[in-house]
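Visitor: What follows is a single structure, and I will ask about it in a moment.
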Amino acid sequence: MGLSGAANAHEMVPAYPTMKPSYITGVSVTNMKIFNRRDDVRYYEIGVFTSEWEPIPFASEEKIIKLEYLEKKTFEVYIRNSDLDDATYICTLSKLEKDNVRTTGVSSKICSKIK
């Protein structure tokens, strides 16, 4: 017996971002784009991780992005060159508002693997 249901998540591209030298010495940058397909979520947290899911320090204009339903946003992620060998994933995690869980109450995490 199969169960059916719709799963909504946010989207993030590119799936395999390439880090390029930034205007800051010793730091690389990549551009990412996020699209909110969830009408129950307005905030997404950015994270950078190793292959073992340990957090890597990074910089971005915002570490938590506010994004309305069906809105798109481009953002940059800056990583020190000394951390590039360990940096494996750039992820966004939906942040559910405690008082506003209307549907599933399930957060979504989307990750792109750094080339």
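Residues in the sequence shown are numbered consecutively from -15, following my numbering. We put the beta carbon where it would ideally sit given N, CA and C, even for glycine.
Let me know the secondary structure DSSP gives Ser66 once reduced to three states.
Guide: Against the sequence shown, residue 66 aligns to sequence position 82. Ser66 falls in the helix class under three-state DSSP.
Visitor: Going by C-alpha to C-alpha distance, which of Ser92, Arg64, Lys93 sits closest to Lys4?
Guide: The sequence position of residue 4 within the sequence shown is 20, counting from 1. Checked all of Ser92, Arg64, Lys93; the closest Cα to Lys4 is Arg64.
Visitor: Residues in the same chain with beta-carbon distance under 8 Å from Glu60, minus the five sequence neighbours each way, listed in chain order, please.
Guide: Within the sequence shown, the letter at position 76 stands for residue 60. Excluding positions up to five away in sequence, the list reads Val13, Thr14, Asn15, Met16, Ser44, Glu45.
Visitor: Give the DSSP-derived three-state secondary structure of Met16 in the structure shown.
Guide: By one-based count along the sequence shown, residue 16 stands at place 32. In the structure shown, Met16 sits in a strand (DSSP, three-state: E or B).
Visitor: Would you list the residues sitting across from Ala43 in a DSSP beta bridge?
Guide: For this step, residue 43 is matched to residue 59 along the sequence shown. Answer is Tyr62, bridged to Ala43.
Visitor: What separation, rounded to the nearest whole angstrom, lies between the Cα atoms of Gly10 and Thr72?
Guide: Translated into the one-based positions of the sequence shown, residue 10 becomes position 26. Translated into the one-based positions of the sequence shown, residue 72 becomes position 88. Roughly 18 Å between the two C-alpha positions.
Visitor: Leaving out five residues before and five after Phe19 in sequence, what residues of the same chain have Cβ atoms less than 6 Å from its Cβ?
Guide: Here residue 19 corresponds to residue number 35 of the sequence shown, with the count starting at 1. Contacts found: Glu(-5), Lys56.
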